[in-house]
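Novice: Here's a structure for you.
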Amino acid sequence: MARFTLPRDLYHGSGSLAELKNLKGKRAIVVVGGGSMKRFGFLDKSVDYLKEAGMEVRLFENVEPDPSVETVMKGAAAMREFQPDWIVAMGGGSPIDAAKAMWVFYEYPDTTFEEIIQPFSFPTLRQKAKFVAIPSTSGTATEVTAFSVITDYAKGIKYPLADFNITPDVAIVDSDLAQTMPAKLTAHTGMDALTHAIEAYVSTLHCDYTDPLALKAIDMVFRYLKASYDGDKKARESMHNAQCLAGMAFSNALLGIVHSMAHKTGAAYKNGHIVHGCANAMYLTKVIKFNAKNPEAAERYAEIAKFVGLTGGTTAELVDALCKKIDDYNVQLNIPKCIKDYENGMVPEDEFLEKLPKVAELAIGDACTGSNPRIPTQEEMEKLLKCCYYGTEVDF
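Everything in the sequence shown is counted per our numbering, starting at 1325 for the first residue and increasing by one.
Pasting the structure below:
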């Protein structure tokens, strides 16, 4: 038996933010990030709609990129004081992910962060509040997923939290919010969406319900991401929908080691974070080559290649064609080839090599590894990470 879970309601298209005025409740807390939603007027609109619905509204602002355990606990404390019956999270993946984790500690104050690290171990939610997610970026799809990524900065580890309990009740996928993204963010979030869809399609937990969503999302990303990056408004709208379809797929099929590696390299180095979507983009073809040693995975990659119109006489040629298309896309989107080139050498070689065994160990233990079609050994994960650092070919 398998499970397929999505939000109870999903509103999409330009102007769908107005659906907030139809919520039924007494109090709503709005969780937002660093200011773009306020700057572009979407936060004020949301508050006005909620007040029109007859609710008292409170804000929890300034959730940082890669939200911390400390921010989650502060937000949960604010919720316990205010006692909302709706949690409304809006912005990029970070405030929505943070609000999902806050939700747990609002309803269960005695739960510890360590208790929810184990996938699918959350207590039953909706005892006090329901959840609305409103994305402003076109990549994470956290508005439709059972996932939240929270960083423990003291340990330098990103934890992907997973439980169907934190799938939002309502998702509002309003493309107007995505029109404000800068080009670099558009590229990174778009490649995150592509990685979600590809990993979902080759996941060991893929099924008849997730496959069509993943393939459609892949096709749409290849059709619309470059134009979206260049500022085309219709393409932005299409990408906002594409990333949501990818989220529906991976929330139910789960992911693979591209994400395991991105999670564990993201916060590992002292000079700064490797942005999640950019990490996925750099690692994706390396992992495809690694996974393609598994015949079933190779066939799945070949199916993707054929679905998006690529040609090849053999499975191997189709896999190579898919990798070339992704690599060419990265060039068009100004994404670096490897970690060594990221942000002008932000991760020094000596630090990378020193931390390599531990990062590899943590990546293998990441929640996303279990559904990857080929489980790497410690030695293989270290070799794979080296290929991602230096930009060398994967032949093992």
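We treat Cβ as the ideally placed atom computed from N, Cα and C, and that holds for glycine. Everything numeric in this text was worked out from a predicted model, so none of it was measured.
Is histidine 1583 helix, strand or coil when you go by DSSP?
Specialist: Sequence index remark: in the sequence shown, residue 1583 carries index 259 (1-based). Note: histidine 1583 maps to helix in three-state DSSP.
Novice: In its own chain, which residues sit with a C-beta less than 7 Å from the C-beta of threonine 1528, not counting the 5 before and 5 after it?
Specialist: Position 204 of the sequence shown, counted from the first residue, corresponds to residue 1528. Excluding sequence neighbours, threonine 1528 sits near Ser1695 and Pro1697.
Novice: Grab the span of the beta strand (DSSP E) containing serine 1472 for me, first residue to last.
Specialist: The count along the sequence shown starts at 1 and reaches residue 1472 at position 148. Where serine 1472 is concerned, the enclosing beta strand (DSSP E) stretches over 1471 to 1476.
Novice: Please list the terminal residues of the continuous alpha helix (DSSP H) segment that includes tyrosine 1625.
Specialist: Indexing the sequence shown from 1 puts residue 1625 at position 301. Here the alpha helix (DSSP H) through tyrosine 1625 covers 1619 to 1631.
Novice: Beta carbon of alanine 1573, beta carbon of alanine 1521: below 8 Å?
Specialist: As a first step, residue 1573 must be located in the sequence shown, where it is residue number 249. As a first step, residue 1521 must be located in the sequence shown, where it is residue number 197. Against a cut-off of 8 Å, the Cβ pair of alanine 1521 and alanine 1573 comes out as a contact.
Novice: Between which two residues does the beta strand (DSSP E) containing phenylalanine 1734 stretch?
Specialist: This structure does not reach residue 1734, given that the chain is present from 1325 up to 1720, and the question cannot be answered.
Novice: When we look at the beta-carbon of asparagine 1565 and count the other beta-carbons within 10 Å, is it buried (16 or more) or exposed?
Specialist: The count along the sequence shown starts at 1 and reaches residue 1565 at position 241. Asparagine 1565 should be labelled buried.
Novice: Along the chain, which unbroken stretches of the alpha helix (DSSP H) at least 4 residues long are found entirely within the region 1501 to 1535?
Specialist: Runs found: 1507 to 1526.
Novice: If you follow the beta strand (DSSP E) that leucine 1485 is in, where does it begin and where does it stop?
Specialist: To locate residue 1485, count along the sequence shown from 1; it is residue 161. Per DSSP, leucine 1485 belongs to the beta strand (DSSP E) from 1481 to 1486.
Novice: Please state whether DSSP places lysine 1454 in a helix, a strand or coil.
Specialist: Position 130 of the sequence shown holds residue 1454. Of the three classes helix, strand and coil, the one that applies to lysine 1454 here is strand, per DSSP.
Novice: What did DSSP end up calling valine 1356 once you bin it into helix, strand or coil?
Specialist: Within the sequence shown, numbered from 1, the residue matching residue 1356 stands at position 32. Of the three classes helix, strand and coil, the one that applies to valine 1356 here is coil, per DSSP.
Novice: Could you check what DSSP says for alanine 1570 in three-state terms: helix, strand or coil?
Specialist: The count along the sequence shown starts at 1 and reaches residue 1570 at position 246. Three-state DSSP puts alanine 1570 in a helix.
Novice: Would cysteine 1531 be called buried (16 or more neighbouring beta carbons within 10 Å of its own) or exposed?
Specialist: Along the sequence shown, one-based indexing puts residue 1531 at 207. Exposed, because fewer than 16 other Cβ atoms sit within 10 Å of the Cβ of cysteine 1531.
Novice: Hey, serine 1418 and aspartate 1390: beta-carbon distance below 8 Å or not?
Specialist: In the sequence shown, residue 1418 corresponds to position 94, counting from 1. In the sequence shown, residue 1390 corresponds to position 66, counting from 1. Cβ atoms of serine 1418 and aspartate 1390: closer than 8 Å.
Novice: Nearest by alpha-carbon distance to aspartate 1421: which of Thr1435, Gly1339 and Thr1475 is it?
Specialist: In the sequence shown, counting from the first residue as 1, residue 1421 sits at position 97. Answer by Cα proximity: Thr1475.
Novice: Looking at the secondary structure, which residues open and close the alpha helix (DSSP H) in which leucine 1708 lies?
Specialist: Start at 1 with the first residue of the sequence shown, and residue 1708 comes out as number 384. Leucine 1708 -> alpha helix (DSSP H) spans 1702 to 1714.
Novice: Buried or exposed: where does arginine 1560 fall if 16 or more other Cβ atoms within 10 Å of its Cβ makes it buried?
Specialist: Reading the sequence shown from its first residue, position 236 is the one you call residue 1560. The residue is buried, with at least 16 neighbouring Cβ atoms inside 10 Å.
Novice: How about cysteine 1662 and tyrosine 1714: do their beta carbons lie closer than 8 Å?
Specialist: Taking the sequence shown and counting its residues from 1, the one referred to as residue 1662 is at position 338. Taking the sequence shown and counting its residues from 1, the one referred to as residue 1714 is at position 390. Contact: yes.
Novice: Taking the alpha-carbon positions, what's the phenylalanine 1328 to glutamate 1673 distance?
Specialist: Residue mapping note: residue 1328 aligns to position 4 of the sequence shown, counting from 1. Residue mapping note: residue 1673 aligns to position 349 of the sequence shown, counting from 1. Answer to the nearest angstrom: the Cα atoms are 43 Å apart.
Novice: Could you pull the DSSP bridge partners for proline 1459 from this structure?
Specialist: Counting from 1 along the sequence shown, the entry for residue 1459 is found at position 135. According to DSSP, proline 1459 bridges with Gly1415.
Novice: Where does serine 1338 land, buried or exposed, given buried means 16+ other C-beta within 10 angstroms?
Specialist: Counted from its first residue, the sequence shown places residue 1338 at position 14. Result: exposed.
Novice: Report, in whole angstroms, the separation of the C-beta atoms of aspartate 1563 and glycine 1514, which I expect to be a contact under 8 Å.
Specialist: By one-based count along the sequence shown, residue 1563 stands at place 239. By one-based count along the sequence shown, residue 1514 stands at place 190. The question names aspartate, but residue 1563 in the sequence shown is methionine. At roughly 6 Å, the Cβ-Cβ gap stays under 8 Å, so methionine 1563 and glycine 1514 are in contact.
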